[in-house]
Amino acid sequence: CTWYLRAVGANQVLSTAVSLPYTEKDPIPGGCNLEFDLETDPNLYLDYNLAETHIIFAPANLGYARGAHPPSCDSGTSLDSRWRLSYEVYQYFLPENDLSEATFVSHMRRMTEVPSIRAHGSKMMTLTSQDKTELYFSSLPGQGVIYNVIVRDPKWNTSAAYV
């Protein structure tokens, strides 16, 4: 596996790359994307102002074997479809009044993998597949916050994190 990072006109770039292995039973974050540019989009899109933070993400799909065709995203609402998936929303507060890049990157590591997100983050809510994947939280000026979403498949008791 080869990764490339290009920063045009930057003197210094701080970067973290994370590779997480998943199995065919793990749900695929963003696997039923119909809104964003990527076919499978596991990203959380965040917008904020002094009053509120807005988060939106693409629905997940069921896991499947490498090389197989993905399950249909619109094949009905039975328990054999993506509609059985649920979404756990987590919040993690950075040290107050420390908005430095180094602090952000070091704490981001705590909010990358499912066990670590559950251990360090505060669970804010659980959404079903019928709920809208668009959330609003109050903003706190001067307070850094990391959000993450874990998609869970109750049939296989498996989970995967958005990025």
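Using our numbering, the first residue of the sequence shown is number 136, and each one after it goes up by one.
Ideal Cβ positions, reconstructed from N, Cα and C, are used throughout, including at glycine.
Look at H242 here: in three-state DSSP terms it is helix. A distance below 7 Å between beta-carbons, with the five flanking residues on each side excluded, links C208 to the following residues of its chain, in chain order: C167, N196, R217.
Across the structure, W291 and K160 are spaced so that their CA atoms are roughly 7 Å apart.
Between S294 and V224, the gap from beta carbon to beta carbon reaches 7 Å or more. Cα atoms of Y282 and A200: separation of roughly 29 Å, rounded to the nearest angstrom. Straight across, the Cα-Cα distance linking F171 with R287 is about 22 Å. Inter-residue distance for G202 and L169 is about 22 Å (C-alpha atoms, whole angstroms). DSSP places H255 within a helical segment (H, G or I) once states are collapsed to three.
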